[in-house]
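Colleague: Before I ask anything, let me first share the structure, which is written out below as C-alpha cells.
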Amino acid sequence: MNKFISYVIILLTSFLLNACSALWIPDPVDPRLPKFTETGNNVAGALVNEKIWEARTACFLVGGCNNAMKFLLNADSSLTVSLEGSVDGIDMTFNFTIKSQSFLTYSDLRLLNGKKFTIDGKVNTVVVDDLSRSNTPIPCTPGVYAQGQLYFVGVKQYVYSGTFGFKIDDPSGCGNYEVSYGRFDFGLNQ
Amino acid sequence: MSNKCVLLVVVSLIAFMNQSNGQIKAKVDMIFGGNYTWMRNNVLQGEQPAFGFNLGTGIIVEPSPKWKRVSFGLNFLFSKKGYKQSLGQEYEVKLFYLSSQWLVNYKISQPVTSYAGFDLSGLISTSVTHGLDTYRNGDFGLVFGFLFFENKPLTLNAQLVYGLTPLLDYYKIDQLGNLTSFNDLRNTCISLGVRYRIVK
Chain A
60 MNKFISYVII LLTSFLLNAC SALWIPDPVD PRLPKFTETG NNVAGALVNE KIWEARTACF
120 LVGGCNNAMK FLLNADSSLT VSLEGSVDGI DMTFNFTIKS QSFLTYSDLR LLNGKKFTID
180 GKVNTVVVDD LSRSNTPIPC TPGVYAQGQL YFVGVKQYVY SGTFGFKIDD PSGCGNYEVS
240 YGRFDFGLNQ
Chain B
714 MSNKCVLLVV VSLIAFMNQS NGQIKAKVDM IFGGNYTWMR NNVLQGEQPA FGFNLGTGII
774 VEPSPKWKRV SFGLNFLFSK KGYKQSLGQE YEVKLFYLSS QWLVNYKISQ PVTSYAGFDL
834 SGLISTSVTH GLDTYRNGDF GLVFGFLFFE NKPLTLNAQL VYGLTPLLDY YKIDQLGNLT
894 SFNDLRNTCI SLGVRYRIVK
C-alpha cells in the first residue's frame with residue numbers, strides 16, 4: 060500500500076512539474092539555441108555578445124512555477140515584456156517596453172499576434188538587466204541607444220512565441236550588447 | 714515504406730523464385746559496413762561529417778542464365794547517418810534509418826560488379842530531443858556502388874547514397890529575428906563494407 064501511495068505521489072509530482080516545465084529542443088541549424096516552436100515549450104534563447112543566453116520556466120516541488128516570461132501593463136498603457144534568463148549562470152533579463160499600442164487589460168495581449176515592433180530607443184525600448192554589472196559604479200540608464208526588433212510570431216491560447224534581436228551601443232559605459240537570433244515560446248495561464 | 718509492403722515484396726520474391734524451377738538464382742548476403750555521412754545544405758553552421766554504420770541483408774536475384782551480366786538487388790538495412798556541428802563545443806545529430814534499396818547490378822568484369830538504384834528510408838530514431846518531429850521521417854535517394862569479387866563468399870562493397878529529398882522544414886532566423894522558411898539538408902552517405910553470403 061505504501062508503495063502504491065509512493066507511485067501516486069511520483070506520478071502526480073511528474074504531472075504537475077510537466078504541466079509548466081521547460082522543454083528544450085535544440086535548434087537544428089544552431090544547436091546552442093532552442094528550436095523556434097509555437098507550442099508553449101517555456102524556453103527562450105539568444106546569443107548575447109556571442110555567448111549563450113537562455114531562459115527556462117522553472118517549477119518547484121512545493122508548487123508553482125517561476126515563468127521566465129512576464130507581462131506588465133503600465134499606467135501609461137504601455138506594455139513591458141520581461142524575459143528572465145542567464146549567461147554563464149549569471150542572471151540577465153531583457154525588459155522590452157512597447158508604447159506603440161494601447162494595452163489596458165491582459166486580454167489586449169492577443170493583439171500582439173503577428174506584430175513586429177521596432178526597438179528604436181525612443182518609442183519602444185529594451186533595457187538589459189545584467190547582474191554581472193551590478194557592482195558598476197556608474198548609474199546606468201541603458202535602453203536609449205537600443206536598436207532592434209521584437210516580433211510576436213504567434214499568440215494563441217495563452218502561448219506566446221516570437222523572436223527578437225537588438226544592439227545597444229551605450230557610450231555612457233552601461234555596456235554594449237549585441238543580442239541576436241533570439242527566440243521565445245512560453246505558455247502562460249495568467 | 715511500411716513493414717507490410719516490405720514483407721509482401723519479400724514473400725513475392727521468394728514465391729517467384731520457387732516457381733521458376735531453377736531458372737532464377739538468388740543469393741542472400743549479410744551486409745556490414747561503415748558510413749561516412751554529411752548533409753548537403755546552405756543553412757548549417759560549423760558543419761562536419763560524421764561516421765556511422767549500416768547492417769542488414771541483401772538479396773541478389775539472377776533472373777535467367779542467359780543474363781550473364783545483369784542481376785537485381787534488394788537490400789534491407791539499418792543504418793546510422795547524421796552530421797556534427799562544431800560551435801565552441803561539438804554537437805552531433807545521429808539519425809537512425811531503416812532502408813530498402815532497389816538495385817540493378819551490372820557485371821563489368823569478373824571481379825567487379827557495378828550497381829545503381831534507389832533508396833527508400835524511414836527515420837526511426839534520432840539522438841535529438843523530439844528529433845522525429847524536427848526532421849522528415851522519409852528519405853528518398855539514389856544509390857550507386859561497386860561490388861568486388863561478387864562470386865566469392867566475402868564480397869567488398871562500396872556505395873554512395875545521394876539523398877534527394879530535404880530532411881528539414883524549418884525557418885532561417887536572422888540576427889534581428891526575421892523568419893524565412895526553407896526546406897534543406899540532404900543526406901550524402903559513402904559506405905564501405907563487406908557482404909557475407911549466407912545462401913548461395
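Top line first, the protein sequences correspond to chains A and B.
Heads up: the first sequence is residues 60 to 249, going by our numbering.
Heads up: the second sequence is residues 714 to 913, going by our numbering.
We put the beta carbon where it would ideally sit given N, CA and C, even for glycine.
Only counting runs of 3 or more residues, tell me where the beta strand (DSSP E) segments fall wholly within the stretch 866-894 of chain B, in order along the chain.
Modeller: Entirely contained in the stretch 866-894 of chain B, the beta strand (DSSP E) runs reaching 3 residues are, in chain order, 867-876 and 881-886.
Colleague: Short of 8 Å Cβ to Cβ, which residues in the stretch 82-104 of chain A face chain B?
Modeller: Listed in sequence order: Leu82, Trp83, Ile84, Pro85, Pro87, Val88, Asp89, Pro90, Arg91, Lys94 and Phe95.
Colleague: Name, please, each residue of chain B whose Cβ falls closer than 9 Å to the Cβ of Tyr210 (chain A).
Modeller: Leu889, Gly890, Asn891 and Leu892
Colleague: Closer than 8 Å is the cut-off here; do at least three beta carbon pairs connect the stretch 774-781 of chain B with the stretch 751-760 of chain B?
Modeller: no
Colleague: Listed in chain order, which residues of the stretch 754-765 of chain B have Cβ atoms closer than 8 Å to some Cβ of chain A?
Modeller: Against chain A - using a Cβ distance shorter than 8 Å - the residues of the stretch 754-765 of chain B are Val756, Leu757 and Gln758.
Colleague: Using DSSP's beta-bridge definition, name the partner residues of Cys902 (chain B).
Modeller: According to DSSP, Cys902 (chain B) bridges with B:Thr750 and B:Val874.
Colleague: Give me the Cα-Cα distance between Pro762 (chain B) and Gly854 (chain B), rounded to the nearest whole angstrom.
Modeller: 18 Å
Colleague: Which residues does DSSP pair with Ser220 (chain A) in a beta bridge?
Modeller: The partner list for Ser220 (chain A) (beta bridge, DSSP) reads A:Gly213 and A:Asp244.
Colleague: Please tell me whether, using a cut-off of 7 Å, the distance from the CB of Lys226 (chain A) to the nearest non-hydrogen atom of the ligand COA is below it.
Modeller: The ligand COA is absent from the structure shown, which contains no ligands of any kind.
Colleague: Taking only beta-carbon atoms, is Phe155 (chain A) less than 8 Å away from chain B?
Modeller: The beta carbon of Phe155 (chain A) sits no closer than 8 Å to any beta carbon of chain B.
Colleague: Going straight from the alpha carbon of Phe766 (chain B) to that of Glu805 (chain B), what length do you get?
Modeller: Straight-line Cα distance between these residues: approximately 15 Å.
Colleague: Quick check: the Cα distance between Ile911 (chain B) and Lys797 (chain B), rounded to an integer number of angstroms?
Modeller: In this structure, the straight-line span from the alpha carbon of Ile911 (chain B) to that of Lys797 (chain B) is close to 36 Å.
Colleague: May I ask which residues mark the beginning and end of the alpha helix (DSSP H) holding Leu808 (chain B)?
Modeller: That residue, Leu808 (chain B), is in no alpha helix (DSSP H); its beta strand (DSSP E) goes Gln802 to Lys820.
Colleague: Which residue or residues does DSSP assign as beta-bridge partners of Cys118 (chain A)?
Modeller: A:Cys124
Colleague: Label Asp86 (chain A) either buried or exposed according to how many other C-beta atoms from any shown protein chain fall within 10 Å of its C-beta, with 16 as the threshold for buried.
Modeller: Buried.
Colleague: Quick one: residues in its chain with C-beta nearer than 6 Å to the C-beta of Glu210 (chain A), no 5 flanking neighbours on either side, listed in chain order?
Modeller: The residue asked about is misnamed: residue 210 (chain A) is Tyr in this sequence, not Glu. These residues qualify, in order along the chain: Lys175, Gly221 and Thr222.
Colleague: For Phe153 (chain A), does the count of other Cβ atoms within 10 angstroms reach 16, so buried, or fall short, so exposed?
Modeller: buried
Colleague: Using only CA atoms, which one of B:Gly890, B:Leu889, B:Asn891 and B:Gly835 lies nearest to Leu790 (chain B)?
Modeller: B:Gly835
Colleague: From this set, A:Thr139, A:Ser145, A:Asp150 and A:Asp147, which residue's C-alpha is nearest Gln160 (chain A)'s C-alpha?
Modeller: A:Thr139
Colleague: Do you know whose CA, among B:Leu721, B:Thr842 and B:Tyr875, lies nearest Lys807 (chain B)'s CA?
Modeller: Proximity to Lys807 (chain B) across B:Leu721, B:Thr842 and B:Tyr875 peaks at B:Thr842, based on C-alpha coordinates.
Colleague: Among B:Asp897, B:Glu803 and B:Ala829, whose alpha-carbon lies nearest the alpha-carbon of Ile821 (chain B)?
Modeller: B:Ala829
Colleague: Evaluate Gly148 (chain A) with the Cβ neighbour count: other Cβ atoms within 10 Å of its Cβ, from every protein chain shown; 16 or more gives buried, anything less gives exposed.
Modeller: Around the beta carbon of Gly148 (chain A), fewer than 16 other beta carbons lie within 10 angstroms, which makes this residue exposed.
Colleague: How many Å lie between Val212 (chain A) and Ala103 (chain A) at the Cα?
Modeller: 14 Å
Colleague: Out of A:Gly122, A:Phe162 and A:Gly232, which one is the CA nearest neighbour of Ala134 (chain A)?
Modeller: A:Phe162
Colleague: Below 6 Å CB to CB, which residues in the same chain sit around Leu171 (chain A) once its five sequence neighbours on both sides are set aside?
Modeller: Correct list, in chain order: Phe211 and Val214.
Colleague: With 8 Å as the threshold, decide whether the Cβ of Tyr804 (chain B) is near any Cβ in chain A.
Modeller: yes
Colleague: How big is the Cα-Cα spacing for Leu800 (chain B) and Leu889 (chain B)?
Modeller: 20 Å
Colleague: Spatial neighbours of Leu71 (chain A) within its chain, please: CB distance less than 7 Å, with the 5 preceding and 5 following residues excluded, ordered by chain position.
Modeller: Low per-residue confidence applies at Leu71 (chain A): pLDDT is 47, beneath 50, and the placement is therefore not dependable enough to give any value.
Colleague: Would you tell me roughly how many angstroms separate the C-alpha atoms of Met743 (chain B) and Leu898 (chain B), rounded to the nearest one?
Modeller: 30 Å
Colleague: Which whole-angstrom value is the C-beta distance of Met151 (chain A) and Val187 (chain A), which I expect to be below 8 Å?
Modeller: Between the beta-carbon of Met151 (chain A) and that of Val187 (chain A) there is about 7 Å, and that keeps the pair under the 8 Å contact cut.
Colleague: Is the CB-CB distance between Ala81 (chain A) and Asn108 (chain A) below 8 Å?
Modeller: Result no, Cβ atoms of Ala81 (chain A) and Asn108 (chain A) do not sit closer than 8 Å.
Colleague: What number of angstroms, rounded off, separates the C-alpha of Asp189 (chain A) from the C-alpha of Pro93 (chain A)?
Modeller: Roughly 21 Å between the two C-alpha positions.
Colleague: Which of the three DSSP states is assigned to Thr847 (chain B) in this structure?
Modeller: helix
Colleague: List the residues of chain B whose Cβ lies closer than 7 Å to the Cβ of Thr222 (chain A), in chain order.
Modeller: Ile886, Gly890 and Leu892
Colleague: Counting contacts by CB-CB distance shorter than 8 Å, is Thr878 (chain B) in contact with chain A?
Modeller: no
Colleague: For chain B, find out if any of its Cβ atoms is closer than 8 Å to the Cβ of Leu240 (chain A); answer yes or no.
Modeller: Correcting the residue identity first, residue 240 (chain A) is Tyr in this sequence and not Leu. Yes, Tyr240 (chain A) counts as interfacial toward chain B.
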